[in-house]
Amino acid sequence: MTSRSASLAAASGPETAPASAPQGPSPAAGTTPKPDRPLLDTCRMFARNCPAMTGLVLLATIVLATLFGPGLYGVDPFSMVDMPFAPPGPDCLLGTDYLGRDILAGVIVGGRATLAVGASAAAITVLIGVVIGTFAGYFGGWVDAVLMKVTEFFQILPTLLFAMVLVTIFSSSLVTIAIAIGAVSWTATARLTRAEFIRIRDLEYVKAARTAGARDFYLMFRVILPAALPPIIVAAALAVGISILFEAGLSFLGLGDPNTMSWGMIIGQNRDYLLNAWWTVTFPGIAIFLTVLSISLIGDGVNDALNPRLRRR
Amino acid sequence: MRHAYPIAIRLVQSLALLVCVVVLNFLLIQLAPGDTVSVIVGEMGGASPETIAALKAEYGLDQSIPAQLGIYLGKVLTGDLGYSHYFNRPVLGLILERLPATILLVVTSLILAFVVGTALGIFSARRPKGILSHFVTVFSLAGFSAPVFWTGLMMLIVFASLIPLFPVSGMADVARPGQGLGYVLDVLHHLVLPAVTLGMIYVASYSRLSRTSMLDVLSADYIRTARAKGLPERRVVYKHALRNALLPVVTMVGMEFGQLFAGAVLVETVFNWPGLGRLAYESILRRDYPTLLAILLFSAMLVMVANILTDLAYRLIDPRIRGRGR
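Structure, rendered in structure tokens:
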């Protein structure tokens with residue numbers, strides 16, 4: 001924390017240092033002034049990062065294409081438009097699948113399920129992880145011991161296999177899939193949050209807040225959590241990418257919602273014919289790849305922008 | 001044997017966690033639609049109430065849930081993991097038959113990923129602005145972003161169809177069953193594509209991690225000391241820095257083993273590799289819950305063994321732990 005505020009001050013030094021001088025007695029002699037606009041600094045840092053901006057533009061394009069593409073393209077992904085396995089050509093830009101359905105229409109519509117499940121599963125992952133990590137890291141002692149045992153338990157179950165079991169036993173609906181992915185992949189976020197809490201909970205400003213009479217919940221979620229957020233945000237971005245890969249894997253194995261088109265499902269249904277019709281599996285895969293790539297680029301960019309050591313440049 | 005005590009503690013803890021996995025399995029079986037008896041009755045094409053009651057008594061389904069849990073735990077302890085009605089044989093035999101193929105695939109990919117990944121990471125760390133360094137950055141991003149099953153399918157298109165170097169599926173040639181060395185070579189030939197596909201993601205993640213870690217270590221004080229003493233650069237990097245730079249990678253290998261196994265499910269499905277992962281896929285298609293849950297139990301056991309081995313490897317590599325008891 002100290003190194004972060006120090007370097008922030010160093011970055012914005014010329015503006016803030018004189019301004020803080022006449023403000024009377026500062027809390028402690030050696031402390032540096034608080035940075036004015038950390039969020040703005042972070043955004044500026046991010047905007048200067050070329051790969052990260054590329055990722056952002058790419059992701060925005062993909063999201064817009066899945067939202068408005070079906071309306072513009074106007075081909076039903078479930079209806080047969082041509083011969084089965086028609087190669088890419090002027091009629092069907094990306095060819096047709098084993099039932100003669102348009103691959104391009106499938107790729108455009110299939111992004112909706114994948115992105116929706118990916119985002120909501122990541123939200124569940126982060127929510128469970130942050131709550132468990134917060135309680136374990138804040139209270140320590142037996143609470144920590146019990147919660148970490150639970151985390152360890154979930155860590156020894158291979159994630160995809162466990163999610164497969166959950167989806168098989170309950171239903172293959174989008175909601176179940178999102179919950180199953182979230183329920184199996186929160187452990188890393190929990191450990192990260194716990195480590196951050198252990199680092200922060202004994203810092204001076206937390207002690208000050210405690211002395212001033214702040215209750216446990218206020219300390220946990222209003223005092224410590226904001227300071228622990230930077231690495232959690234990066235982990236959240238990573239979780240979106242992982243959840244999308246997860247959803248794609250489950251749909252590929254035939255565990256997706258059978259009534260909803262998704263990228264993994266197109267690949268899974270056509271994989272037996274891939275040696276005769278490469279386009280059926282190649283294009284939906286490229287869509288998954290580019291989506292996860294754009295999210296990873298954004299995650300890396302956010303990581304760099306939040307990293308005080310890099311900000312000095 | 002100074003590592004014996006902490007390892008023994010790990011073993012006891014692992015066994016306790018394993019019992020928890022068995023209990024979880026039992027709960028999941030309770031939640032699964034249809035019990036064993038209804039499956040059998042369904043296959044018999046219906047049965048009289050007396051027969052159903054007799055069957056229920058035979059399988060202990062007429063007892064309370066805690067009593068059933070006790071029976072289940074006892075069965076698992078004696079190696080009875082249930083009966084697969086689809087494959088029409090005990091689950092344990094099915095799993096033991098498929099286990100070696102999975103271990104072969106996972107261990108090969110792991111070794112491949114560890115060796116290639118750390119080598120890439122460490123060489124690129126010596127020239128942080130070099131071509132290799134940029135390659136590692138790009139490759140690790142791409143490796144993380146590509147779905148493993150899709151990479152496998154692309155491998156098939158390129159290296160089995162376009163340039164027919166490797167077989168499309170399976171673990172051995174069925175038409176020409178080889179013996180002795182011929183069989184081993186045949187299996188290795190079949191192993192190349194699945195192992196490279198599965199290993200590739202981890203090459204990506206280990207090269208990135210070992211590069212960062214090596215850069216960190218190389219800027220440490222004791223490395224400056226070693227250089228100041230006039231040690232040759234080669235010795236500084238490979239003797240002093242490497243050991244410490246490898247530690248985070250070893251931790252990562254242990255932590256990711258579960259995911260590696262999960263990746264194996266997809267890779268085995270793509271390449272029809274006759275391991276546990278494909279068995280999981282087959283049992284999902286048939287809603288064969290006893291088999292599916294037994295695979296979950298076995299894979300948890302594999303992850304545990306991997307964790308204990310990682311712990312041991314860590315103790316052997318870390319110079320700070322190596323000298324002392326724990």
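Chains as they are written, first to last, in the UniProt record's numbering: chain A, 1 to 313; chain B, 1 to 326.
Positions of the beta carbon are idealized from the N, C-alpha and C atoms, including for glycine.
By the criterion of Cβ-Cβ separation under 7 Å, what are the contact partners of residue i in chain B?
i, result
"Q155 of chain A", "G258"
"S262 of chain A", "Those within 7 Å of S262 of chain A in chain B number zero; the least Cβ separation is about 12 Å."
"F46 of chain A", "Chain B residues near F46 of chain A: none, gap ~17 Å exceeds 7 Å."
"I288 of chain A", "P147 and W150"
"A248 of chain A", "P147"
"L245 of chain A", "P147"
With 16 as the cutoff for other CB atoms within 10 Å, does residue i come out buried or exposed?
i, result
"M83 of chain A", "exposed"
"R211 of chain B", "buried"
"E247 of chain A", "buried"
"V106 of chain B", "buried"
"I156 of chain A", "buried"
"A147 of chain B", "First, the residue type needs correcting, since residue 147 of chain B is Pro and not Ala in the sequence shown. With 16 or more Cβ atoms within 10 Å of its Cβ, P147 of chain B is classed as buried."
"H240 of chain B", "buried"
"D186 of chain B", "buried"
"C50 of chain A", "exposed"
"S109 of chain B", "buried"
"E204 of chain A", "exposed"
"Q269 of chain A", "buried"
"G24 of chain A", "Only weak support is given to the placement of G24 of chain A: the predicted model assigns it a pLDDT of 41, under 50, and the question is left unresolved by the model."
"V130 of chain A", "buried"
"G82 of chain B", "buried"
Using a Cβ-Cβ cut-off of 8 Å (strictly less than) and excluding sequence neighbours within five positions of residue i, which residues of its own chain qualify?
i, result
"residue 330 of chain B", "There is no way to answer for residue 330 of chain B, as the model of chain B reaches only from 1 to 326."
"A142 of chain B", "A204"
"S124 of chain B", "G130, L132, S133, F135, V136, S207 and R211"
"I200 of chain A", "M1, V206, I224, A227 and A228"
"A65 of chain A", "I108 and G111"
In chain A, which residues lie with their C-beta within 8 Å of the C-beta of residue i?
i, result
"V21 of chain B", "F153, I156 and L157"
"M214 of chain B", "Simply none; closest approach about 17 Å."
"A300 of chain B", "I156, L157 and P158"
Which bits of chain A does residue i rub up against, with CB to CB less than 7 Å?
i, result
"V161 of chain B", "Rather than Val, the amino acid found at residue 161 of chain B in this sequence is Ser. Per Cβ cutoff of 7 Å: L275."
"A262 of chain B", "P158, T159, L160 and L161"
"A32 of chain B", "I169"
"L17 of chain B", "E152, F153 and I156"
"T269 of chain B", "L253"
Mind pulling the chain B residues with CB within less than 8 Å of residue i?
i, result
"M164 of chain A", "V265, A280, I284 and L292"
Which same chain residues, not among the five before or five after residue i, have their C-beta less than 6 Å away from its C-beta?
i, result
"A300 of chain B", "V21"
"L120 of chain B", "V136 and S207"
"S169 of chain B", "F271 and N272"
"F257 of chain B", "V303 and A306"
"S172 of chain A", "L255 and D257"
Run down chain B in chain order and give the residues with a C-beta less than 9 Å from the C-beta of residue i.
i, result
"G285 of chain A", "A146, P147, F149, W150, T151, L153 and M154"
"G241 of chain A", "F144 and S145"
Quick one: residues in its chain with C-beta nearer than 7 Å to the C-beta of residue i, no 5 flanking neighbours on either side, listed in chain order?
i, result
"V302 of chain A", "F46, I233, V234 and A237"
How would you list, in chain order, the residues of chain A whose beta-carbon sits under 9 Å from the beta-carbon of residue i?
i, result
"K157 of chain B", "The question names Lys, but residue 157 of chain B is Ile in the sequence shown. Those are L274, L275, W278, V281 and T282, listed as they occur along chain A."
"L247 of chain B", "None at all; the shortest Cβ gap to chain A is about 17 Å."
"V192 of chain B", "In chain order: nothing, as chain A lies at least about 18 Å away."
"L28 of chain B", "V165, L166 and I169"
"M304 of chain B", "I156"
"L141 of chain B", "P51, L293, S296, L297 and D300"
Q. Hey, which unbroken runs of the alpha helix (DSSP H) at 4 residues or more fall wholly within the stretch 187–233 of chain B?
A. 221–228
Q: With 8 Å as the limit, tell me which residues of the stretch 279–298 of chain B have their beta carbon closer than that to any beta carbon of chain E; keep them in chain order.
A: This model lacks chain E altogether, as its protein chains are A and B.
Q: Tell me the start and end of each unbroken alpha helix (DSSP H) in the stretch 184–221 of chain A that is at least 4 residues and wholly inside, in chain order.
A: Taking only runs of at least 4 residues, the alpha helix (DSSP H) segments lying wholly in the stretch 184–221 of chain A are 187–200 and 204–211.
Q: Could you tell me whether the stretch 190–202 of chain B touches the stretch 267–280 of chain B, where touching means 3 or more Cβ pairs closer than 8 Å?
A: yes
Q. Should the stretch 162–175 of chain A be called in touch with the stretch 215–228 of chain A, which here means at least 3 C-beta pairs below 8 Å?
A. Touching, no.
(Q) Within 8 Å, do at least three Cβ pairs link the stretch 232–250 of chain B to the stretch 140–158 of chain A? (A) At 8 Å Cβ cutoff, the stretches do not touch.
Q) Counting Cβ pairs, one atom from each stretch, are 3 or more of them under 8 Å apart for the stretch 189–206 of chain A and the stretch 132–140 of chain A? A) yes
Q) Per the contact definition of three or more C-beta pairs closer than 8 Å, is the stretch 279–296 of chain B in contact with the stretch 212–228 of chain B? A) In short, these stretches do not touch, since the Cβ pair count stays below three.
Q. Is the number of C-beta pairs between the stretch 111–121 of chain B and the stretch 264–281 of chain A that are closer than 8 Å three or more?
A. Cβ pair count under 8 Å is below three, so no.
Q. Would you call the stretch 57–64 of chain A and the stretch 231–245 of chain A touching, i.e. three or more CB-CB distances under 8 Å?
A. Touching, no, given that fewer than three Cβ pairs across the two stretches are closer than 8 Å.
Q.
With three or more beta-carbon pairs closer than 8 Å as the criterion, would you say the stretch 118–134 of chain A touches the stretch 170–188 of chain A?
A. yes
Q | 4 or more residues per run - each alpha helix (DSSP H) lying fully within the stretch 70–140 of chain A | A | 103–139
**Q.** Those runs of the beta strand (DSSP E) which lie wholly inside the stretch 233–300 of chain A and span at least 3 residues
**A.** none
(Q) Report the start-end ranges of each alpha helix (DSSP H) in the stretch 141–177 of chain B that is 4 residues or longer and not cut off at the edges. (A) Here the runs fully enclosed are 148–156.
Q.
Across the stretch 61–75 of chain A and the stretch 101–112 of chain A, are there enough close Cβ pairs to call them in contact, namely three or more that are closer than 8 Å?
A. Note that the stretch 61–75 of chain A touches the stretch 101–112 of chain A; at least 3 beta-carbon pairs, one per stretch, sit closer than 8 Å.
Q) Is the number of C-beta pairs between the stretch 147–164 of chain B and the stretch 258–267 of chain B that are closer than 8 Å three or more? A) yes
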